[in-house]
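Structure first, then comments.
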Amino acid sequence: MIVRLYRSLLIGLVPIAFSACASPEPASAEQELAVPLGVDLGGSGPVAAPVAPAQGEPAYSEHLDQTQMAHAGANDAHGTGTVNSVDPAQHKVNLSHAPIPEIGWPAMTMEFPVAPSVDLKAIKPGIRVNFTIEQQPGGMYEIKVITPAGGGR
Amino acid sequence: MSASRTSPLAAVLAAFATAAAAQISDARDGPMPGVPSDAAPPVMDRGIFAHAILNELEGRFNGGNPEFRWEGQGWVGTDYDKLWIKSEGTLQSNGALDDGQQQFLYARAMTTYFDVQGGLRSDIDSRPTRNWAAFGIQGVAPYFFDIEVTGYASGEGHLAAKLEGSYDLLITQRLILQPQIEINLYSKADPARLIGAGFSDIDTGLRLRYEFDRKFAPYIGVVYEGKLGQTASLARQAGESTGDVRFVLGVRVWF
Amino acid sequence: MTGPVFTRRRLLGGAAAISALTLAPWRSRSAPSRAPVLSGAEFQLEIGAEPLNITGRPVTGTGINGQIPAPILRWREGDTVALAVTNRLSEPSSIHWHGVRTPSPMDGVPGLSFHGIAPGETFVYRFPVRQSGTYWYHSHSAFQEQTGVYGPIVIVPRGGYAEAFDRDYVVMLSDWTDDNPGRIVSNLKFQSDYYNYAQRTLGGFVADAQRRGLAETVADRLEWGKMRMSPTDILDVSGAPYTYLINGQPPGRNWTALFRLGERVRLRFINGSSMSIFDVRIEGLPMIVVQADGNDVVPVTVDEFRISVAETYDVIVQPMAERAYTIFAQAEDRTGYARGSLASQAGMAAAIPPMDPRPMRTMADMGMAGMEHGEMPRMELSPEGKRLEAKVGVDNVAMMPTERLDRAGEGFPSSRRVLSYADLRAIRPGSDPRPASRDITLHLTGNMQRFMWGFDGKKFSEAEPILLQRGERVRFVLINDSMMEHPIHLHGLWSELESGHGEYRPYKHTINVKPGEQLSYLVTADEPGRWAYHCHLLYHMEMGMFREVRVA
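Chains as they are written, first to last, in my numbering: chain A, 111 to 263; chain B, 6 to 260; chain C, 98 to 649.
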């Protein structure tokens, strides 16, 4: 009979024990952490051109002229690199090139459109090339001249 | 071309090969890349939809013999072509079924707001069965009146017509008052069905529904079931009422 | 006699060693990363079913790499990217890179670019990245875009940024519903105002009559009733089924972007929703709009902008106090909002402003500007207009469509500076100086009662492709005969909006045409292929507001 008494007592205590274990500790610090935070993709780094003034100001058109003149001056840039692939149908080449200090470019792998007059017959994947690029009105750089650099890889 | 589950290596290799092959063949296949015109279309805009609604599913009470009435319709089809089913009937407290009109119609969208419908109507209830060819229009009239106008012709050359209309007046966003009317007319009397020539009967009501959900709205209301002209005479002769005002309680459901 | 040097055991052992070497890197490649930002030039994306709980009810959506929204893809202009997309759903899928110019087979539209990605299949997209800015990607199959397959793309410019900033956040707005999108469309087919709980009522009639007089109110109701139109039709799907999300978070979760005092913060707003147009503002903070649809515009300072489905706006803000600012994106029909914070500390929150009054459609939206209550004699539609109006798929033809690019739209108080398309002026002149050789005029039409949508009264299945010659320069003229906004998106080619700035036309990929409005844009057909051209309201597109533009 005593066992029965203890048993009912234990059974009565079990739910209390569970609820004591189950209820979480209230913590205000946890509430702050619960706010979903945005992922910062980082800053812009050094900017290519100064901030353009607000719309409608006469200074804007002057600034644009300056920018355009700046581009006219930095017409041709020269580089060397290795050809990754050639797309004869679209007249494009993909190069891995060394830094081009004339226009402040680091070493990169990228695709260039090639001027229509350039013959791409000698340009094959894997060869080293010297090339000249010129910036187009839309902003893209186009290859004006591209020649094998001589000697294999 | 689909990847086998057993080898991720094979899957990735196959995928790379497929993509590479696609690029090579596009350059050689002529000036315009893309899949052939018989491929599955980018949007499936000829979908088939199906819906059905019970506009009336109600008990009708006048302090004497209660009635139970249903009136509903449903369709399945595309934007332009649908198959319709329309059904109505009134169950009397003595077990007799009255006004059991069932219609099976093909509908074609004719104008922006109206469909043309054609098919079959069968009067199936406690009275002798009648079958009719049906032809009519259904749609939304200016000022948002829902209307149905249908003409019928029986094998014996009798003609009939049914005019139905209703309007939804929003009292609040969910409380809606709906006046509704249905009128039947016949070219020739049909005594076995207690129907006289001319305008035969009118069933009109005012129902106030509350939309708990768009698809489920209980309502209360008041209806008038009236018999007109020759039909009224026939009804009086048979000892039936010619005009009845009843209080209704029901639910409007659709899916 | 010596046997072969390689015994069978050694051969097998060698083969095992070799396959272990080759399989090991493949195995690690086949597990997609769960990181929220993926950078580089090679990507593994897996589309799969995703359990989630936005409203308190656990449901299953569709996500990429276990996330909704999908991870931010970070590319560099000039790189060639390769993206292996694996479909782990039980139905076909696809990914379209919205606003990114790719060769046509890489554009991701099943039935036009490729056959789609079958369940279990992996498709590798590979293309050079020839542009920079903020874009996004989403499924182009069925309603997967609604159930979670959408994510941001950030392309870092090769030459560096024109505007300096210290922090950079993507703010992707979307709409979420626990309901099955197929069910939503089916409901709209039976009752097109199913989700509109802001219709005109008896109470509204009485209030209007007290304010404007009984005669005028009756005349107004009769005028709209005669046309079988309702001026309360703003968005087809409202906040009734939708919860509006900011980067996948409902308003209560307070998604926060942190800043330090004095910093310039760049916010890349993307409307990745299916059916919702948002009016965005940051209480207490003006915004400098620097990019629209990924392209630089002359910076313009505004208090608020309306961003339609699929558009993007990059803004720079400079908070001047150490507090929280509420980023407030209310749905155009004012049935809900997405909300986040720009704060100097996590956990801070500012007051959420009340929503503005709900806009109402006007006679100008019906294409009848200036004709109020039949005061002016009603003009007649041309025979062509009458023919169009008679079609089953058309419920209205604008009598006098107006060009209102200098108006932001309805629903803004006059005290706020709101961005309009006329404010968008490109920084650089367009790259193709040729004038258009011909005009292609299209009417944006629909039948609200039947919930049918199309161009020129025709659904996609009823229409022919629009044919362009390779290299051609054309003008698209759009006339919106319907009374709802439509964000029109042309894949593969830039749309140069003629917003009154001559050769400084803004380059856009998605153009929002207001009800009753007429506008035009120039397109150079410089990329061959079969391009999708459609309204980006997902349910309009699926109901037929879609065309193929074929450049051969």
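C-beta atoms are modelled at their ideal positions from N, C-alpha and C, and glycine is treated no differently. It should be emphasised that the depicted structure is a prediction, and the values quoted were computed from it without experimental measurement.
C-beta neighbour in chain C for residue i, strict 9 Å
| i | result |
| --- | --- |
| A/Gly-189 | no |
| A/Val-149 | yes |
| A/Asp-175 | Per-residue confidence for A/Asp-175 stands at a pLDDT of 32, beneath the threshold of 50, marking its modelled position as unreliable; the derived number appears in the next sentence. It does not; no Cβ of chain C falls within 9 Å. |
| B/Pro-147 | yes |
| A/Val-157 | yes |
| A/Gly-236 | no |
| B/Gly-52 | yes |
| A/Lys-254 | no |
| B/Ala-44 | yes |
| B/Tyr-85 | yes |
| A/Val-193 | no |
Inter-residue Cα distance where the pair is residue i and residue j
| i | j | result |
| --- | --- | --- |
| B/Arg-257 | B/Gly-231 | 23 Å |
| B/Ser-98 | B/Gln-185 | 24 Å |
| B/Gly-170 | B/Ile-142 | 12 Å |
| A/Met-218 | C/Thr-432 | 49 Å |
| C/Gln-243 | C/Glu-582 | 19 Å |
| C/Ala-461 | C/Glu-143 | 46 Å |
| A/Asp-241 | A/Ile-256 | Residue identity check: residue 241 of chain A is Phe in the sequence provided, not Asp. Roughly 4 Å between the two C-alpha positions. |
| A/Tyr-251 | A/Ile-243 | 6 Å |
| C/Pro-532 | C/Ser-187 | 48 Å |
| B/Ser-131 | B/Glu-93 | 13 Å |
| C/Gly-554 | B/Ala-114 | 14 Å |
| C/Gln-228 | C/Thr-199 | 10 Å |
| C/Ala-181 | C/Tyr-222 | 6 Å |
| B/Gln-122 | B/Gly-82 | 13 Å |
Minimum Cβ-Cβ distance from residue i to chain B less than 9 Å
| i | result |
| --- | --- |
| C/Lys-483 | no |
| C/Pro-652 | The structure shown has nothing for residue 652 of chain C, since chain C only spans 98 to 649. |
| C/Arg-297 | yes |
| C/Met-640 | yes |
| C/Leu-118 | Its pLDDT being 39, under 50, C/Leu-118 is placed unreliably in this model, and the coordinates cannot settle the point. |
| C/Arg-570 | no |
| C/Asp-333 | no |
Distance CB(residue i)-CB(residue j) smaller than 9 Å
| i | j | result |
| --- | --- | --- |
| C/Val-620 | C/Asn-544 | no |
| B/Ile-188 | B/Leu-164 | no |
| C/His-540 | C/Gly-369 | no |
| C/Thr-298 | B/Thr-177 | yes |
| C/Gly-641 | C/Lys-556 | yes |
| C/Thr-423 | C/Leu-485 | no |
| C/Gln-546 | B/Thr-117 | yes |
| C/Val-648 | C/Leu-594 | no |
Chain A within 9 Å of residue i, Cβ atoms only
| i | result |
| --- | --- |
| C/Thr-177 | yes |
| C/Asp-43 | Within the shown structure, residues of chain C are numbered from 98 to 649, placing residue 43 of chain C beyond reach of any answer. |
| C/Ala-505 | no |
| C/Asp-265 | yes |
| C/Ala-560 | no |
Exposed unless 16 or more other CB atoms sit within 10 angstroms - verdict on residue i
| i | result |
| --- | --- |
| C/Leu-564 | exposed |
| C/Gly-391 | buried |
| B/Phe-66 | exposed |
| C/Glu-561 | exposed |
| B/Asp-263 | In the structure as shown, chain B starts at 6 and stops at 260, and residue 263 of chain B therefore has no counterpart that could be examined. |
| C/Asp-85 | What is shown of chain C runs 98 to 649, which leaves residue 85 of chain C out entirely. |
| C/Gln-388 | buried |
| B/Tyr-148 | exposed |
| B/Lys-87 | buried |
| C/His-586 | buried |
| C/Arg-361 | buried |
Proximity test, Cβ basis, 9 Å: residue i and chain D
| i | result |
| --- | --- |
| B/Ile-176 | Looking for chain D here will not work: the only protein chains present are A, B and C. |
Listed in chain order, which residues of the region 532-550 of chain C have Cβ atoms closer than 7 Å to some Cβ of chain B?
-> Asn-544, Gln-546, Arg-547 and Met-549
Where the region 211-224 of chain A meets chain C: residues whose CB sits under 7 Å from a CB there | Met-218, Thr-219, Met-220 and Glu-221
Under 8 Å (Cβ pairs) to chain B, residues found in the region 192-219 of chain C | Pro-200, Ser-201, Pro-202, Val-206, Pro-207, Gly-208, Leu-209, Ser-210, Phe-211, His-212, Gly-213, Ala-215, Pro-216, Gly-217, Glu-218 and Thr-219
Which residues, in chain order, does the region 354-365 of chain C contribute to contact with chain A at a C-beta distance below 7 Å?
-> Ala-354 and Leu-355
Anything in the region 110-124 of chain B with a Cβ closer than 8 Å to a Cβ of chain C? List those residues in chain order, please.
-> Ala-114, Met-115, Thr-116, Thr-117 and Tyr-118
According to a CB-to-CB cut-off of less than 7 Å, which residues of the region 430-462 of chain C neighbour chain A?
-> Ala-443 and Gly-444
What residues from the region 218-250 of chain C come within 8 Å of chain A, judged by C-beta to C-beta, listed N to C?
-> Cβ contacts with chain A come from Pro-225 and Arg-227.
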